[in-house]
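Residue numbers for the sequence shown follow this note's numbering, so the first one is 2 and each next one is one higher. Comments concern the structure below.
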Amino acid sequence: MNVPLLHVPSAAPDAVVRVLLIGDEQVDVCGLLPWFGRGELSRHRAERVSSVAAALAVIERGECDVVLIDHRVWTTPGLELGGEIQRRNADLPVVLLVEKEDTELAEQAMATGVADCLCRDELTPGLLRRTIRHMVRHAAMVHEWRRSRQRLELFLQQVPCAIAICDAQQRIVFRNGLFAEILREFDGPALVESGGTPWILRQGERCWLVTSFLLPGEPDGGQTGVAALEITASVQAEEGRQRQGQFLDNIMKNLPVLVGRLDGAGVVVEARGALRAGGIRGEALIGRRFAELFPQSHECLAQALRGGEIGFALHGLDEDREWHADFHAVGQPDGGAVFFGRDVTERRWLEHRLLTVTEAEQQRIGADLHDGLGQKLTGLACLATALRDRLTGAETAQASLIAALANDATLESRAIARGLNPVQLEQAGGLIVALADLVESTGLVHGVQCRLQADTPEEETLPHVTAVQLYRIAQEAINNAVRHGLARRIEVALRAEGRERSLSIADDGVGFDRTSPRMRQGGLRIMEYRANLIGGTLLVDAQPDAGTRIRCQFVLPDAPANPAP
Numbered sequence: 002m003n004v005p006l007l008h009v010p011s012a013a014p015d016a017v018v019r020v021l022l023i024g025d026e027q028v029d030v031c032g033l034l035p036w037f038g039r040g041e042l043s044r045h046r047a048e049r050v051s052s053v054a055a056a057l058a059v060i061e062r063g064e065c066d067v068v069l070i071d072h073r074v075w076t077t078p079g080l081e082l083g084g085e086i087q088r089r090n091a092d093l094p095v096v097l098l099v100e101k102e103d104t105e106l107a108e109q110a111m112a113t114g115v116a117d118c119l120c121r122d123e124l125t126p127g128l129l130r131r132t133i134r135h136m137v138r139h140a141a142m143v144h145e146w147r148r149s150r151q152r153l154e155l156f157l158q159q160v161p162c163a164i165a166i167c168d169a170q171q172r173i174v175f176r177n178g179l180f181a182e183i184l185r186e187f188d189g190p191a192l193v194e195s196g197g198t199p200w201i202l203r204q205g206e207r208c209w210l211v212t213s214f215l216l217p218g219e220p221d222g223g224q225t226g227v228a229a230l231e232i233t234a235s236v237q238a239e240e241g242r243q244r245q246g247q248f249l250d251n252i253m254k255n256l257p258v259l260v261g262r263l264d265g266a267g268v269v270v271e272a273r274g275a276l277r278a279g280g281i282r283g284e285a286l287i288g289r290r291f292a293e294l295f296p297q298s299h300e301c302l303a304q305a306l307r308g309g310e311i312g313f314a315l316h317g318l319d320e321d322r323e324w325h326a327d328f329h330a331v332g333q334p335d336g337g338a339v340f341f342g343r344d345v346t347e348r349r350w351l352e353h354r355l356l357t358v359t360e361a362e363q364q365r366i367g368a369d370l371h372d373g374l375g376q377k378l379t380g381l382a383c384l385a386t387a388l389r390d391r392l393t394g395a396e397t398a399q400a401s402l403i404a405a406l407a408n409d410a411t412l413e414s415r416a417i418a419r420g421l422n423p424v425q426l427e428q429a430g431g432l433i434v435a436l437a438d439l440v441e442s443t444g445l446v447h448g449v450q451c452r453l454q455a456d457t458p459e460e461e462t463l464p465h466v467t468a469v470q471l472y473r474i475a476q477e478a479i480n481n482a483v484r485h486g487l488a489r490r491i492e493v494a495l496r497a498e499g500r501e502r503s504l505s506i507a508d509d510g511v512g513f514d515r516t517s518p519r520m521r522q523g524g525l526r527i528m529e530y531r532a533n534l535i536g537g538t539l540l541v542d543a544q545p546d547a548g549t550r551i552r553c554q555f556v557l558p559d560a561p562a563n564p565a566p
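If you want it as structure tokens, here you go:
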């Protein structure tokens, strides 16, 4: 990586560009001399040399900014001479003049370091001026890149951190002095095998934090940087731990997040941060039972305290402004649980807008199916029936079949329309009516046993957005059970207990592996969005070949959601 600082061609717009022409009287390069110092090349000065030795001497003295070489120069081919010039001064741009376009020759020239190839027959003063200007600017940029790289290497040698660079084959191509001193027995693969995840290297009582990272912008690609920082003092000293704690406090004060820890009884023993949208401060939670402050979280926290891991959503009103937060709780091996919450009020608003637009479009399509296609199918069935009555013999059977198919299509289109636009949701107790209709149509269309059990007040009217989201959750769950779960029996239950409500859909299908990343996409993710939108939590209980049970639980909107002061 050590690159000498060589002569830099001047890139200033008003500077005179010095051009060295290498060629003899027998070749065309001499014909270029009259072009310089006039017209488009008025700011260019050319010098022709009569021998290779003279050319190399001019280059060694730094008396030229760009070199033009005829491919057939003297006894030394221009290609070889260009390579020799690049070995002596890598920053000096070299242009090779050829008789005609030759792709193979151009590739050979580029491999030796020649900057460009120009065809003599097509050369003009304007083209030559533009080529020279580009080459000079490019040379200046390359030179600055080399200088920056050299300065970086010097800096890396001085920083109090062990640093190395590995190539694509994980061979170490650079290491600073500290790296060679403390990590000399380690090879490249052992250092970058962590895949970018920091890891700790222990050498006796000393500890080093080692990390690897890709270096962007490298021309050969695939290079990896490795850095090791001694953290012995941070590991062993109390002062280091205090600084880390203070650093975390400062972060928590400026982020809309809340983290904390619960004991085995669900009491908050430590909390940091705040959810300002909901007026929830970490210090106000300490010493209080989280589930009593937020009843919506009771069952989820109970599962976490049993050693599980679960997410749940909270929502409420703060000064007449609705807020939403997502929480994640994880049980600890020694009892209790840790939780993390973040403000998602803005996100919920956007999700609500998106689902509202989607719902409106579904209603429009459902209405079009009912009023348009459904009416036409009904008319087709009537015409087929009338035609059957006028026909005789075997022809009546065909007309009857057409009428039957048209009637079946009419029923299917109406079922689809009701699924897209469940008008029952607009009525008092409409959710139960809509679910009953959904259950009935599922049994008729798919030939499965589908049953609804409702244990809620018959005339209870939920907010329209809540009823719509619950209906869509049931619709998606039933659809998944029939299409993917191959279920033969589906049970839908709507239950109430105080202010808490729950909707569950259970089937006897093939189930699925809920830990699979694939299962966190598509319909399941949309159902979670819908549950979170109404401040609820979606719980999934599924095992391969053991059926699936999906439950959405939520608290009625007017239930208290904010902690007491």
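Each residue gets a CB set at the ideal place from its N, CA and C atoms; glycine is no exception.
| Check | Outcome |
| --- | --- |
| Alpha carbon of residue 77 to alpha carbon of residue 84, nearest angstrom | The pLDDT assigned to residue 77 is 49, lower than 50, so where the model puts this residue is not dependable; a value taken from the coordinates is nonetheless given after this. Whole-angstrom Cα-Cα distance: 11 Å. |
| Top-ranked residue by Cα proximity to residue 513, from 105, 541, 23, 308 | 541 |
| Span of the alpha helix (DSSP H) around residue 158 | 126-159 |
| Start and end residues, beta strand (DSSP E) containing residue 494 | 490-498 |
| Limits of the alpha helix (DSSP H) - the one that residue 113 falls within | 104-113 |
| Close-in-space but distant-in-sequence residues of the same chain around residue 478 (CB under 6 Å, 5 per side omitted) | 506, 551 |
| CB contact flag (residue 66, residue 24, <8 Å) | no |
| C-beta atoms of residue 400 and residue 388 nearer than 8 Å | yes |
| Collapsed DSSP secondary structure at residue 433 in the structure displayed | helix |
| Residue 64, DSSP secondary structure in three states | coil |
| Under 8 Å between C-beta atoms of residue 166 and residue 119 | no |
| Residue from 343, 496, 492 with nearest C-alpha to residue 461 | 496 |
| For residue 335, three-class secondary structure by DSSP | coil |
| Cβ contact check for the region 149-163 and the region 129-140: 3 or more pairs under 8 Å | no |
| Through-space distance from residue 54 to residue 103, alpha-carbon basis | 28 Å |
| Residue 299 - DSSP class collapsed to helix/strand/coil | helix |
| Residues near residue 281 in its chain [Cβ-Cβ closer than 6 Å; skip 5 each side] | none |
| The ligand MG heavy atom lying under 7 Å from the CB of residue 232 | The ligand MG is absent from the structure shown, which contains no ligands of any kind. |
| Proximity winner among 455, 226, 386, relative to residue 162 (alpha-carbon distances) | 226 |
| Endpoints, the beta strand (DSSP E) within which residue 213 is located | 207-215 |
| Cβ-Cβ separation, residue 58 to residue 92 (assumed contact under 8 Å), whole Å | The Cβ separation is near 18 Å, so there is no contact. |
| When 295, 249, 232 are compared against residue 555, the one with the closest alpha-carbon | 295 |
| Beta-carbon contacts of residue 276 that lie in its chain and below 7 Å, excluding the five residues immediately before and after | 257, 259, 326, 342, 344 |
| Status (buried if at least 16 other CB within 10 Å, exposed otherwise) for residue 357 | exposed |
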